[in-house]
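Chemist:
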Amino acid sequence: MKTASSSAISSEMKTAPSSAVSSEMKTASSSAVSSEMKTAFSSAVSSEMKTAYTAAVSSEMKTAYTAVVSSEMKTAFSSAVSSEMKTAYTAVVSSEMKTASSSAISSEMK
1 MKTASSSAIS
11 SEMKTAPSSA
21 VSSEMKTASS
31 SAVSSEMKTA
41 FSSAVSSEMK
51 TAYTAAVSSE
61 MKTAYTAVVS
71 SEMKTAFSSA
81 VSSEMKTAYT
91 AVVSSEMKTA
101 SSSAISSEMK
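Per full-length UniProt numbering, the very first residue in the sequence shown carries number 1; after that it's consecutive.
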């Protein structure tokens with residue numbers, strides 16, 4: 001009985017702790033690896049998203065800025081040309097009218 005009992009207890013003690021420790025280690029290791037993978041994946045995704053977002057925003061800003069500057073330049077150029085043409089036309093018409101008037105008066109006086 002001593003031998004049988006001793007053998008059974010010894011066997012249980014060897015098997016149980018070994019099994020429990022093995023199970024605990026697997027769980028802990030699995031949990032740690034899972035956590036590490038989540039962290040690494042999160043970090044990678046976050047980094048990718050930041051890069052992509054920065055590139056998209058930068059591209060959008062360039063497009064918008066180009067469109068605004070182009071529009072402003074067209075408006076300013078149109079305005080300037082229109083103003084110059086009005087000034088030149090007014091000057092020419094005024095000069096022509098003075099010349100014609102002066103010529104007519106001179107002719108009348110003669």
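Where a beta carbon is used, it is the ideal one built from N, C-alpha and C, also for glycine.
(1) State the Cα-Cα distance for the pair Thr-87 and Lys-62, rounded to the nearest angstrom.
(2) I need the straight-line Cα distance from Met-37 to Glu-60, nearest angstrom please.
(3) Rounded to whole angstroms, what's the CA-CA distance from Ser-34 to Ala-44? Just pull it up for me.
Modeler: From the atom records:
(1) 37 Å
(2) 34 Å
(3) 15 Å
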